[in-house]
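**Q** Residue numbers (the numbering used here), protein chains in the order written: chain S, 20 to 319; chain Z, 20 to 319.
Using N, Cα and C, we set each Cβ at its ideal position, and we do this for glycine too.
Every value quoted in this text rests on a predicted model; they were computed, and no experiment measured them.
Number of protein chains: 2
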Amino acid sequence: METKKVLGIDIGGTKTKIGLVTQQYNIVDKQIIIYTQNPTPEEVFEKISSKIQYNKWMYDSCGISIAGSLEHSTDKLIFSPNLKWANIDLKKVAGRYIPKVKEFENDANASAWGIYCHEYGMKIKNFVCITLGAGVGGGIIVNGKIYRGAHGSAGELGHMTIDPSGEKCNCGNYGCLETFVGAKYLSKKIKKKLNKSLSPSELFKLAEKGDSVARKIFEEMGEKLGIACANIINILNPGAIVFTGGLTGAKRYYLEKLCKTVKIKLGKYYSDRTKILTSKMGEETGIIGAACLVLHPFHA
Amino acid sequence: METKKVLGIDIGGTKTKIGLVTQQYNIVDKQIIIYTQNPTPEEVFEKISSKIQYNKWMYDSCGISIAGSLEHSTDKLIFSPNLKWANIDLKKVAGRYIPKVKEFENDANASAWGIYCHEYGMKIKNFVCITLGAGVGGGIIVNGKIYRGAHGSAGELGHMTIDPSGEKCNCGNYGCLETFVGAKYLSKKIKKKLNKSLSPSELFKLAEKGDSVARKIFEEMGEKLGIACANIINILNPGAIVFTGGLTGAKRYYLEKLCKTVKIKLGKYYSDRTKILTSKMGEETGIIGAACLVLHPFHA
Numbered sequence: 020m021e022t023k024k025v026l027g028i029d030i031g032g033t034k035t036k037i038g039l040v041t042q043q044y045n046i047v048d049k050q051i052i053i054y055t056q057n058p059t060p061e062e063v064f065e066k067i068s069s070k071i072q073y074n075k076w077m078y079d080s081c082g083i084s085i086a087g088s089l090e091h092s093t094d095k096l097i098f099s100p101n102l103k104w105a106n107i108d109l110k111k112v113a114g115r116y117i118p119k120v121k122e123f124e125n126d127a128n129a130s131a132w133g134i135y136c137h138e139y140g141m142k143i144k145n146f147v148c149i150t151l152g153a154g155v156g157g158g159i160i161v162n163g164k165i166y167r168g169a170h171g172s173a174g175e176l177g178h179m180t181i182d183p184s185g186e187k188c189n190c191g192n193y194g195c196l197e198t199f200v201g202a203k204y205l206s207k208k209i210k211k212k213l214n215k216s217l218s219p220s221e222l223f224k225l226a227e228k229g230d231s232v233a234r235k236i237f238e239e240m241g242e243k244l245g246i247a248c249a250n251i252i253n254i255l256n257p258g259a260i261v262f263t264g265g266l267t268g269a270k271r272y273y274l275e276k277l278c279k280t281v282k283i284k285l286g287k288y289y290s291d292r293t294k295i296l297t298s299k300m301g302e303e304t305g306i307i308g309a310a311c312l313v314l315h316p317f318h319a
Numbered sequence: 020m021e022t023k024k025v026l027g028i029d030i031g032g033t034k035t036k037i038g039l040v041t042q043q044y045n046i047v048d049k050q051i052i053i054y055t056q057n058p059t060p061e062e063v064f065e066k067i068s069s070k071i072q073y074n075k076w077m078y079d080s081c082g083i084s085i086a087g088s089l090e091h092s093t094d095k096l097i098f099s100p101n102l103k104w105a106n107i108d109l110k111k112v113a114g115r116y117i118p119k120v121k122e123f124e125n126d127a128n129a130s131a132w133g134i135y136c137h138e139y140g141m142k143i144k145n146f147v148c149i150t151l152g153a154g155v156g157g158g159i160i161v162n163g164k165i166y167r168g169a170h171g172s173a174g175e176l177g178h179m180t181i182d183p184s185g186e187k188c189n190c191g192n193y194g195c196l197e198t199f200v201g202a203k204y205l206s207k208k209i210k211k212k213l214n215k216s217l218s219p220s221e222l223f224k225l226a227e228k229g230d231s232v233a234r235k236i237f238e239e240m241g242e243k244l245g246i247a248c249a250n251i252i253n254i255l256n257p258g259a260i261v262f263t264g265g266l267t268g269a270k271r272y273y274l275e276k277l278c279k280t281v282k283i284k285l286g287k288y289y290s291d292r293t294k295i296l297t298s299k300m301g302e303e304t305g306i307i308g309a310a311c312l313v314l315h316p317f318h319a
């Protein structure tokens, strides 16, 4: 007897990942769509649809995660700063192209949910997840449920103001966490400091070779993440903060500074209680997270 | 038949308020103890004890709120920056002086609980409460319960970093919200800008008379509170943020700037969804909040 399979679709700011996932969280097939410029929702869903048809994927249901904030009562996307989409009736648009879509969720919430279901086997029930990608997202798990807040947009950790005198963010605010540690902004910083066009993963390779400027950039990133973590601990006092996303691999270059900053900002009575962790799920987190939305449906 | 009465004790950074409270939230008798310098826990509880005995108060049970963060599993006070108390076994020390103490809670959590029980009649079930007093506290109500976090110290909104280049806070961190809007720091700012020693309530009177410097100080306070509110909305997306405490009365001088800042920082898609409110309970919030801990016991 064949195991049940679901489709996990992770619509990010620069690419969409699609995976056919088993109940045991194995990705048996996957596809990536990379955008050259900001696509419309129709363009993205149309491309997803042709991938599904071309690969003749058979699945029981489909979960979609998306880099933006949602209103769950209507399955509407309110706003995605990175995709530049606003007020999209996801259910309607996705339904026109993709069969059996059952759940929509913010991408960072879905990642947190995937880590909760798969990596933590539903045993660590209270943590905050920070996704480091093109943007910076957050997912809050409280008592084994995604904490969505009153209108569904809780966990927008990337748009927390870290320094009001900072750079303008895609969202319109100044000095958001994302403007210090998001891959897009990091690339700009690299260009300025190294006078080279490098992606954050190339910056990581440079740091590995011992380049002091590259290491300094990661250290500054650690400091800003430390301020964010201290704020999160002050506000939410989670059992753990878990990092995931593309830059998790470079943790040896920013984690020490991050933890040191948390210690300085929180003081001796609080700094050691919330664990700072990194997820082991790697780049599959997005797809697994989207799949977990339908493998383990969650209704707030 | 006499109604049940409870004792609500609110131990703050500069004073302790004690009230005999009915089940209908009426304060039938109250006392205030003002400290001249940082007292020890024993000194405070001894003074409370003599007030109780002198007034011959009869009560069924007693709730105590305190300006610091607690570990609920052990009823220990971990740290109070304003009282300069750390690692205090509250149950043991309070029990030595005061009979029938049933609950301990962080003061801002207790205020939020009091607003939830009394002002909102348990009908508004999701909101964040910010207390503006000597310090700045926070209480988070989620689904009609106090959200305490993993170790009991959630809601420390006053120690959120608003500007990392800011002044040193009592807690050891730099640029905490409290260093911009807490009464203690506000007094220092008044001294510097007006060259006068005024309390924040005297500053309010000055603003009422049309003093532009006084009004400017409140406006700056509104801006910092706006940054904090935007962060809270990004992280928690609460249904409402409710202000309480000594400076609520001066709201006409900071609320406009606060709301404007939230609007700028969150953008058009998010800024109007979370209501910004002020509590009507006034200076009795502390005592009522502490009383509500035993009138409506809450166990996380």
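1. Report yes or no: is there a C-beta of chain Z within less than 8 Å of the C-beta of residue 254 of chain S?
2. Please determine, among S/309, S/285, S/117, S/33, the residue with the shortest C-alpha to C-alpha distance to residue 104 of chain S.
3. If I measure Cβ to Cβ from residue 150 of chain S and keep anything under 6 Å in the same chain, skipping five residues before and after, which residues do I get?
4. Comparing C-alpha positions only, which one of S/213, S/254, S/119, S/174 sits nearest to residue 88 of chain S?
5. Is it true that the stretch 107–115 of chain S meets the stretch 302–314 of chain S, where meeting means three or more beta-carbon pairs spaced less than 8 Å apart?
6. Thinking residue 79 of chain Z and residue 308 of chain Z are a contact (beta carbons under 8 Å), I'd like their distance in whole angstroms, please.
7. Return the residues of the stretch 172–185 of chain S that lie within a Cβ-Cβ distance of less than 8 Å from chain Z, sorted by chain order.
8. Reducing DSSP to helix, strand and coil, say where residue 98 of chain S ends up.
9. Check this for me: beta carbons of residue 255 of chain S and residue 168 of chain Z, under 8 Å apart or not?
10. Starting from residue 191 of chain S, find everything on chain Z with Cβ-Cβ shorter than 7 Å and list it in chain order.
11. Here's the rule: buried if 16 or more other CB atoms are within 10 angstroms of the residue's CB, otherwise exposed. What is residue 141 of chain S?
12. Residues of chain S with CB under 9 Å from residue 57 of chain Z, in chain order?
13. For residue 172 of chain S, which option in S/123, S/162, S/220, S/198 has the closest C-alpha, if you only look at C-alpha atoms?
14. By how many angstroms is the C-alpha of residue 61 of chain Z removed from the C-alpha of residue 118 of chain Z?
15. Is there at least one Cβ from chain S nearer than 8 Å to residue 199 of chain Z's Cβ?
16. Along the stretch 261–289 of chain S, what residues have a CB closer than 9 Å to any CB found in chain Z?
17. In chain order, what residues of the stretch 219–237 of chain S put their CB closer than 7 Å to some CB of chain Z?
18. For residue 53 of chain S, which option in S/42, S/46, S/31 has the closest C-alpha, if you only look at C-alpha atoms?
19. Using a Cβ-Cβ cut-off of less than 9 Å, list which residues of the stretch 90–108 of chain Z approach chain S; keep chain order.
20. Check the DSSP bridge columns for residue 156 of chain S and list the partner residues they point to.
21. According to DSSP, is residue 54 of chain Z helix, strand or coil?
22. Looking only at its own chain, which residues have a Cβ that is under 7 Å from the Cβ of residue 183 of chain Z, when we skip the five neighbours before and after it?
23. Given a cut-off of 8 Å on the beta-carbon distance, is the pair residue 269 of chain S and residue 226 of chain S in contact?
24. In terms of alpha-carbon separation, which member of Z/65, Z/115, Z/27 lies closest to residue 84 of chain Z?
25. Please work out which residues of its chain come closer than 6 Å, Cβ to Cβ, to residue 284 of chain S, disregarding the five sequence neighbours upstream and downstream, and give them in chain order.
26. Could you check where the alpha helix (DSSP H) with residue 82 of chain S kicks off and where it finishes?
27. Let me confirm a value: residue 291 of chain Z is counted as buried when at least 16 other C-beta atoms fall within 10 Å, else exposed. Which label applies?
28. Does residue 52 of chain S come within less than 8 Å of chain Z when only Cβ atoms are used?
29. Considering just the uninterrupted stretch of the beta strand (DSSP E) at residue 262 of chain Z, what are its terminal residues?
30. Under the rule that 16 or more other beta-carbon atoms within 10 Å means buried, what is residue 219 of chain Z, buried or exposed?
31. Name, going along the chain, the residues of the stretch 121–136 of chain Z whose beta-carbon falls closer than 8 Å to a beta-carbon of chain S.
32. According to DSSP, simplified to helix, strand and coil, what is residue 293 of chain Z?
33. Shortest alpha-carbon distance to residue 46 of chain S belongs to which of S/56, S/145, S/137?
34. Counting along the chain, where does the alpha helix (DSSP H) carrying residue 132 of chain S start and finish?
35. What residues match up with residue 15 of chain Z in a beta bridge as DSSP calls it?
36. Can you name the start and end residues of the alpha helix (DSSP H) that residue 67 of chain S belongs to?
**A** A quick look at the data gives this:
1. Yes, because at least one Cβ of chain Z sits closer than 8 Å to the Cβ of residue 254 of chain S.
2. Looking at the Cα atoms, S/33 is the closest of the given residues.
3. Contacts found: 127, 130, 156, 263, 264.
4. Selected option, being the one with the closest Cα: S/174.
5. With the cut-off at 8 Å, the stretch 107–115 of chain S and the stretch 302–314 of chain S do not touch.
6. That pair is no contact at about 17 Å.
7. In summary, the residues of the stretch 172–185 of chain S whose CB is separated from some CB of chain Z by less than 8 Å are 172, 173, 174, 175, 176, 178, 179, 180, 181, 182, 183, 184, in the order they occur in the chain.
8. Residue state, collapsed to three classes: strand.
9. Yes, these two residues count as a Cβ contact at 8 Å.
10. Ordered by position in chain Z, the residues that pass the 7 Å Cβ test against residue 191 of chain S are 286.
11. Residue 141 of chain S comes out exposed.
12. Going along chain S, no residue has its Cβ under 9 Å from residue 57 of chain Z, so there is no contact; the nearest lies around 17 Å.
13. Nearest Cα to residue 172 of chain S within the set S/123, S/162, S/220, S/198: S/123.
14. When only Cα atoms are considered, residue 118 of chain Z and residue 61 of chain Z end up about 15 Å apart.
15. It does not; no Cβ of chain S falls within 8 Å.
16. Residues 283, 284, 285, 286, 287, 288, 289.
17. Cβ contacts with chain Z: none found.
18. Of the candidates S/42, S/46, S/31, the one whose C-alpha sits nearest the C-alpha of residue 53 of chain S is S/31.
19. Correct list: 97, 98, 100, 105, 106.
20. Looking at the DSSP assignment, residue 156 of chain S forms a beta bridge with S/150.
21. Here residue 54 of chain Z sits in coil by DSSP.
22. Once the five neighbours on either side are set aside, the close Cβ partners of residue 183 of chain Z are 193, 194.
23. Less than 8 Å divides the Cβ of residue 269 of chain S from the Cβ of residue 226 of chain S.
24. Among Z/65, Z/115, Z/27, the Cα nearest to that of residue 84 of chain Z is on Z/27.
25. Contacts found: 249.
26. Taken as a continuous stretch (DSSP letters only), residue 82 of chain S belongs to no alpha helix (DSSP H), being part of the beta strand (DSSP E) at 80–85.
27. Counting the other CB atoms within 10 Å of its CB gives residue 291 of chain Z a total below 16, which places it among the exposed residues.
28. No, residue 52 of chain S does not count as interfacial toward chain Z.
29. DSSP places residue 262 of chain Z inside the beta strand (DSSP E), whose first and last residues are 259–263.
30. With 16 or more other Cβ atoms within 10 Å, it is buried.
31. Here the close residues number zero.
32. Here residue 293 of chain Z carries a coil assignment [DSSP, helix/strand/coil].
33. The residue with the shortest Cα to Cα distance from residue 46 of chain S is S/137.
34. DSSP places residue 132 of chain S inside the alpha helix (DSSP H), whose first and last residues are 126–133.
35. Here chain Z comprises residues numbered 20 to 319, so residue 15 of chain Z is not present and cannot be evaluated.
36. Where residue 67 of chain S is concerned, the enclosing alpha helix (DSSP H) stretches over 60–73.
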